[in-house]
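Written out below as structure tokens is the structure these notes cover.
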Amino acid sequence: MKRFCLFPLWCVCAGLMAPPAEAAPKKLSFIPLWSPQAQFAGYYVALEKGFYRDRGLEVDILTGGPEKPADFLLEKGKADIATLWLSEAIKKRAQGVRLVNIAQILQRSALMLVAKKSSGIRRVEDLDGKTVALWESFRLQPLALFKKYKLRVNIIPQTQSVNLFLRDGAAAASVMIYNEYHTIINAGLNPGELTTFFFYNYGLNFPEDGLYMLEKNFNRDPAAAASFVKATLEGWTYAFKHKDEAVEIVLRRMRDARIPANRMHQKWMLEKMQGLIFPEGPATRAGQLKSADYDRVASELLKAGGWKSASYASFYKDCVTK
Amino acid sequence: MIKFKKGIAFKLALIFSGSVILIFLMIFGLYYRFTRAMIEKNTAENAKNLTLGTVARIEGILRSVQQVPENMAGALERGPVSKEELLDMVKSAVKKNPELYGSAIAFAPYAFDGTSFYYAPYYFRDKGSLSCVWLGNANYRYFMQDWFQIPKELGKAQWSEPYYDEGGGNALMATYSVPFYRMVKGKRTFSGVITADMSLKWLRDMVSAIKILDTGYAFLLSRNGTFVTHPREKLIMNETIFGVAEELDDKSLRDIGRDMISGKAGFVHSPKINAGRPGLLYYSPVTSSGWSLAVLFPQAELMADITHLNWLVLILSAAGMLILCIVVVYEARSITGPLTGMADATAEIAAGNLDFKMPETRSEDEVGILSRAFSAMQKSLKSHIARLTEATAAKERIESELNIAREIQLSILPKIFPPFPEMPGLDLFAVLKSAREVGGDLYDFFAMDDDHFCFVIGDVSGKGVPASLFMAVTKTLFKATALKDTPPEVVLDKVNNELSKGNEKSMFVTAFFAILNIRTGVIEFSNGGHNLPVVIRKDGSMEYLWRTGGMVVGAMEGIKFERGALTLASGDRFFLYTDGVTEAMDESKVLFSEERLLKELKLLEGLPVKEVLNRLLKMLVEYSKGDQSDDITMMLLEYQGPKQ
Numbered sequence: 337m338k339r340f341c342l343f344p345l346w347c348v349c350a351g352l353m354a355p356p357a358e359a360a361p362k363k364l365s366f367i368p369l370w371s372p373q374a375q376f377a378g379y380y381v382a383l384e385k386g387f388y389r390d391r392g393l394e395v396d397i398l399t400g401g402p403e404k405p406a407d408f409l410l411e412k413g414k415a416d417i418a419t420l421w422l423s424e425a426i427k428k429r430a431q432g433v434r435l436v437n438i439a440q441i442l443q444r445s446a447l448m449l450v451a452k453k454s455s456g457i458r459r460v461e462d463l464d465g466k467t468v469a470l471w472e473s474f475r476l477q478p479l480a481l482f483k484k485y486k487l488r489v490n491i492i493p494q495t496q497s498v499n500l501f502l503r504d505g506a507a508a509a510s511v512m513i514y515n516e517y518h519t520i521i522n523a524g525l526n527p528g529e530l531t532t533f534f535f536y537n538y539g540l541n542f543p544e545d546g547l548y549m550l551e552k553n554f555n556r557d558p559a560a561a562a563s564f565v566k567a568t569l570e571g572w573t574y575a576f577k578h579k580d581e582a583v584e585i586v587l588r589r590m591r592d593a594r595i596p597a598n599r600m601h602q603k604w605m606l607e608k609m610q611g612l613i614f615p616e617g618p619a620t621r622a623g624q625l626k627s628a629d630y631d632r633v634a635s636e637l638l639k640a641g642g643w644k645s646a647s648y649a650s651f652y653k654d655c656v657t658k
Numbered sequence: 008m009i010k011f012k013k014g015i016a017f018k019l020a021l022i023f024s025g026s027v028i029l030i031f032l033m034i035f036g037l038y039y040r041f042t043r044a045m046i047e048k049n050t051a052e053n054a055k056n057l058t059l060g061t062v063a064r065i066e067g068i069l070r071s072v073q074q075v076p077e078n079m080a081g082a083l084e085r086g087p088v089s090k091e092e093l094l095d096m097v098k099s100a101v102k103k104n105p106e107l108y109g110s111a112i113a114f115a116p117y118a119f120d121g122t123s124f125y126y127a128p129y130y131f132r133d134k135g136s137l138s139c140v141w142l143g144n145a146n147y148r149y150f151m152q153d154w155f156q157i158p159k160e161l162g163k164a165q166w167s168e169p170y171y172d173e174g175g176g177n178a179l180m181a182t183y184s185v186p187f188y189r190m191v192k193g194k195r196t197f198s199g200v201i202t203a204d205m206s207l208k209w210l211r212d213m214v215s216a217i218k219i220l221d222t223g224y225a226f227l228l229s230r231n232g233t234f235v236t237h238p239r240e241k242l243i244m245n246e247t248i249f250g251v252a253e254e255l256d257d258k259s260l261r262d263i264g265r266d267m268i269s270g271k272a273g274f275v276h277s278p279k280i281n282a283g284r285p286g287l288l289y290y291s292p293v294t295s296s297g298w299s300l301a302v303l304f305p306q307a308e309l310m311a312d313i314t315h316l317n318w319l320v321l322i323l324s325a326a327g328m329l330i331l332c333i334v335v336v337y338e339a340r341s342i343t344g345p346l347t348g349m350a351d352a353t354a355e356i357a358a359g360n361l362d363f364k365m366p367e368t369r370s371e372d373e374v375g376i377l378s379r380a381f382s383a384m385q386k387s388l389k390s391h392i393a394r395l396t397e398a399t400a401a402k403e404r405i406e407s408e409l410n411i412a413r414e415i416q417l418s419i420l421p422k423i424f425p426p427f428p429e430m431p432g433l434d435l436f437a438v439l440k441s442a443r444e445v446g447g448d449l450y451d452f453f454a455m456d457d458d459h460f461c462f463v464i465g466d467v468s469g470k471g472v473p474a475s476l477f478m479a480v481t482k483t484l485f486k487a488t489a490l491k492d493t494p495p496e497v498v499l500d501k502v503n504n505e506l507s508k509g510n511e512k513s514m515f516v517t518a519f520f521a522i523l524n525i526r527t528g529v530i531e532f533s534n535g536g537h538n539l540p541v542v543i544r545k546d547g548s549m550e551y552l553w554r555t556g557g558m559v560v561g562a563m564e565g566i567k568f569e570r571g572a573l574t575l576a577s578g579d580r581f582f583l584y585t586d587g588v589t590e591a592m593d594e595s596k597v598l599f600s601e602e603r604l605l606k607e608l609k610l611l612e613g614l615p616v617k618e619v620l621n622r623l624l625k626m627l628v629e630y631s632k633g634d635q636s637d638d639i640t641m642m643l644l645e646y647q648g649p650k651q
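What follows is the structure, encoded as structure tokens:
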């Protein structure tokens, strides 16, 4: 019964919270990190179910993809809000782009390393001396891991596919739990045949997708940003409670963007997103950037490339509790 | 409510149908299994031939394409080439090989001339002519492409996963990449990759052309399990067999997929492969590219003929079974019908209805024989009962006549005691109990005149009706002969002579005839062979009247009887009896005897005459346990003194 009660409750809350006496909704554009998929189900659901509109927002979700880098669009003002990885955002800020985190959607790092047990890798130490394919952009955590365990690893660049790994050209590869890992499973490898390394298990939890705005845009209307964050979290909550409906919404988006859609893969992705966004269930601190997470990533960036990060307070604008 | 009786018809139908169904099911099951196995064997054979034939054709084409970059690699490894030679090599390769869409020689960074980071001329077919582009820039770092990296890392030539090439008119393509090496500072060093792009349209056409029955088809999986061809367009390049297995929640399909992409060949059942329906799958690897070709035989269609036949056989069997049941029930009824009729008839006959008509049967079998035997039994029973009824009627008639005769016989004996109230000084009682309805014993007494009282007791030879008639004659003769003043021996003489005349049956009678002078107490008598009477004196002494034998009466004419006499004092008694008394027998054939008679008489002394005789009679009946063998007659006379 609860699930039926919740929705009207949200409507009431939304009604109360919506800025009164404002007839015209505030227009916001949002660019996800990648093309439509269940990684962004919460946003599509929030839009589809009217959670943004209920909070007085008129949100336009832009279709992302490799040709539309989210950071570029944000920087150029083509989008008001973007999803960026925390580490990338800290780097951008260090590079002088005045952006702020208004919510940390992913609480856990989705990045992981995967290896075949048949190649003799069962523990992290077994990676020593092995060839590991790593995405060039996302090497921060793996390198930190190798350093932490003093592993000498032959690193090769990882292409957009996992074919090299599948054909045993690399002993291990970097994958996202919600994406390439499933691709590997769907290429016939059984989970039992794989060894997985989740970075959050090795003290290297670099939570990825967060919501970012240019500071000046945020300062202009923090309330709108807060409304966007709250509606987004509602969208995620709804998506995890109505997974089939959420997958349907995502698939529609994908078809609209002419992207090959695979229902099972999107189901998998949504399932995995739940563990990353609400790792301890719908926790009270969902959507918030924890200072410990921020400090961890910041210090690792400093060690790795001398990136100097802003203070937590100036980087993170709490839109969940305020 | 009709109670369901499990009759013979039901049992026969059950047993026959049950046995036939069992036998049929066994045969049918065996036949079905055998046929199925045969079809599957043939299918496997066909599938194998079809698959292997197709695989061989695919391999042939793939090998011919592989040859091109391999030859080029050989040429490049022999030594450095100029830019012109390089371009010519690529161009002529594409030109000479119509199955090639395009070809590139992509050098590793600085591997061509030590200065160029990217060096990769690519010739491809473009609207009928050959175009050339140089691959590699900041946005397309070909070192980061699978077609370059995988052969490089693996150190051997590789077919790429099939892909859609946007430049090539969005056609399905696959690239064969051959790494080549050069000696650098005496060391064999990776220098680049030669590619041959091939459109897979021919492959799709070839595989799509395979049609099996109505809905069977073939499909090709890439090394990753991705559908390269499939009748369901949606699956092509978009789904792997493992994704489909996940969607169908079919683990066996996943296992099949794993076998397929690992280069195995096999023939398997898959319950859901045919869009959720079962199918038979034969698969075989395309070794050179790591692909796998499978042909699917839809189970339902494959087994359609046998399924059709099964239905036909089942329907025919059901009909046959019905006919069998009807025949069995009909035949059983033809047996049980007459039996039931006979049972009913027997019950009727038992109830006494002998005229009840037996059900007719014309059959010559056991039932017919039984039926006729029943009829014969009924007839003989009927006639037997008729005879019995007749005999019973006759017997009853005779019995009733005998009863009448008995009454008549008894009625001719005097029954009033004491006989002559006007004759005081005399008390008398007599009893006669015949062994049968009528008897041959007799007694009589009558007054000859005022002073003379005569009495007689007799026993006719034989028993029953003849004896009774003879007795009646004898009694009448005595009465008629004992006229006044006739001495007793004369009476006997006369009676003897009368009876002897015309006595063809030679019957006779023993008789004791006596005349008592009431005034004097003198008894004159004559004994015709009768038992000796007993004289019972008042003082209690008693004796048989010895020496009074004589011939039996009626046996011989003309014989003379003797006279005897004795005198009775007042209070003396005279006891007469027939041999039915002394010769009464108990169960062990022991006679009552004269001695026993005397003893008993002694015990009864002093009792009134009637009482004495009644008690004696009762004793005798008890002695013989009701099985009286001879007539019993007793007469007791008490002389009470002269007449006053």
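From first to last, the protein sequence lines stand for chains A and B.
Start counting the first sequence at 337; every next residue gets the next number (the numbering used here).
Start counting the second sequence at 8; every next residue gets the next number (the numbering used here).
All residues carry an ideal CB built from backbone N, CA and C; glycine is no exception.
Taking 6 Å as the limit between beta carbons, can you name the residues of its chain near residue i, skipping five residues before and five after?
{"i": "L94 (chain B)", "result": "P128"}
{"i": "D204 (chain B)", "result": "Y108, G109, M180, T182"}
{"i": "H237 (chain B)", "result": "F226, I243"}
{"i": "I367 (chain A)", "result": "L398, G400, A406, L409, A415, A418"}
{"i": "S563 (chain A)", "result": "R391, L393"}
{"i": "F601 (chain B)", "result": "With the sequence shown as reference, residue 601 (chain B) is identified as Glu, and Phe is not the correct amino acid for it. So the qualifying residues of the chain are T589."}
{"i": "K545 (chain B)", "result": "G578, D579"}
From the options, pick the residue whose C-alpha is nearest to that of residue i; which is it?
{"i": "N78 (chain B)", "options": "B:L57, B:V101, B:E367, B:L388", "result": "B:V101"}
{"i": "S198 (chain B)", "options": "B:M365, B:E373, B:E84", "result": "B:E84"}
{"i": "P158 (chain B)", "options": "B:K258, B:S296, B:S269, B:P494", "result": "B:S296"}
{"i": "V467 (chain B)", "options": "B:E66, B:L506, B:P426", "result": "B:L506"}
{"i": "L210 (chain B)", "options": "B:G25, B:A383, B:R64, B:E173", "result": "B:R64"}
{"i": "R239 (chain B)", "options": "B:V251, B:N231, B:D458", "result": "B:V251"}
{"i": "R265 (chain B)", "options": "A:K453, A:N522, A:K639", "result": "A:N522"}
{"i": "K126 (chain B)", "options": "B:R132, B:F114, B:G135, B:K134", "result": "Residue identity check: residue 126 (chain B) is Tyr in the sequence provided, not Lys. Comparing Cα positions, the closest option is B:F114."}
Contact check, residue i vs residue j under 8 Å by CB: the rounded distance?
{"i": "F651 (chain A)", "j": "N437 (chain A)", "result": "6 Å"}
{"i": "A575 (chain A)", "j": "A582 (chain A)", "result": "4 Å"}
{"i": "L604 (chain B)", "j": "T589 (chain B)", "result": "6 Å"}
{"i": "Y514 (chain A)", "j": "M605 (chain A)", "result": "4 Å"}
By Cβ distance, which residues of its chain are closer than 7 Å to residue i, with the 5 residues on each side in sequence left out?
{"i": "V62 (chain B)", "result": "S291, V293, L300"}
{"i": "F534 (chain A)", "result": "M448"}
{"i": "P495 (chain B)", "result": "F520, A521, I522, E531, F532, S533, R570"}
{"i": "V275 (chain B)", "result": "I263, L288"}
{"i": "Q602 (chain A)", "result": "Q373, A374, V583, V586, L587"}
Along the alpha helix (DSSP H) that carries residue i, what are the first and last residues, could you check?
{"i": "T247 (chain B)", "result": "Counting along the chain, T247 (chain B) falls outside any alpha helix (DSSP H), and DSSP gives it neither H nor E."}
{"i": "Y388 (chain A)", "result": "387–390"}
{"i": "N510 (chain B)", "result": "No alpha helix (DSSP H) contains N510 (chain B), which DSSP labels as neither H nor E."}
{"i": "S277 (chain B)", "result": "Per DSSP, S277 (chain B) belongs to no alpha helix (DSSP H); it is in the beta strand (DSSP E), 273–281."}
{"i": "F23 (chain B)", "result": "15–85"}
Mind checking which residues open and close the beta strand (DSSP E) that includes residue i?
{"i": "C655 (chain A)", "result": "It is not in any beta strand (DSSP E) - C655 (chain A) carries neither H nor E in the DSSP assignment."}
{"i": "R132 (chain B)", "result": "128–133"}
{"i": "L523 (chain B)", "result": "516–524"}
{"i": "A181 (chain B)", "result": "178–191"}
{"i": "M512 (chain A)", "result": "508–512"}
Note down, in chain order, each residue of its chain lying with its Cβ closer than 8 Å to the Cβ of residue i, except the 5 sequence neighbours on either side.
{"i": "F383 (chain B)", "result": "The amino acid occupying residue 383 (chain B) in the given sequence is Ala; Phe does not appear at that position. Excluding positions up to five away in sequence, the list is empty."}
Is residue i close to chain C? Criterion is C-beta to C-beta, closer than 9 Å.
{"i": "Q73 (chain B)", "result": "Although the question refers to chain C, the structure presented lacks it and instead comprises the protein chains A and B."}
At what residue ranges does the region 533–595 of chain B contain a whole run of the alpha helix (DSSP H), taking only runs of 4 or more? Along the region 533–595 of chain B, the alpha helix (DSSP H) occurs as fully enclosed runs of 4 or more residues at 586–589, listed in sequence order.
Curious, which full-length beta strand (DSSP E) runs of at least 3 residues does the region 449–493 of chain A contain? Runs found: 467–470, 490–493.
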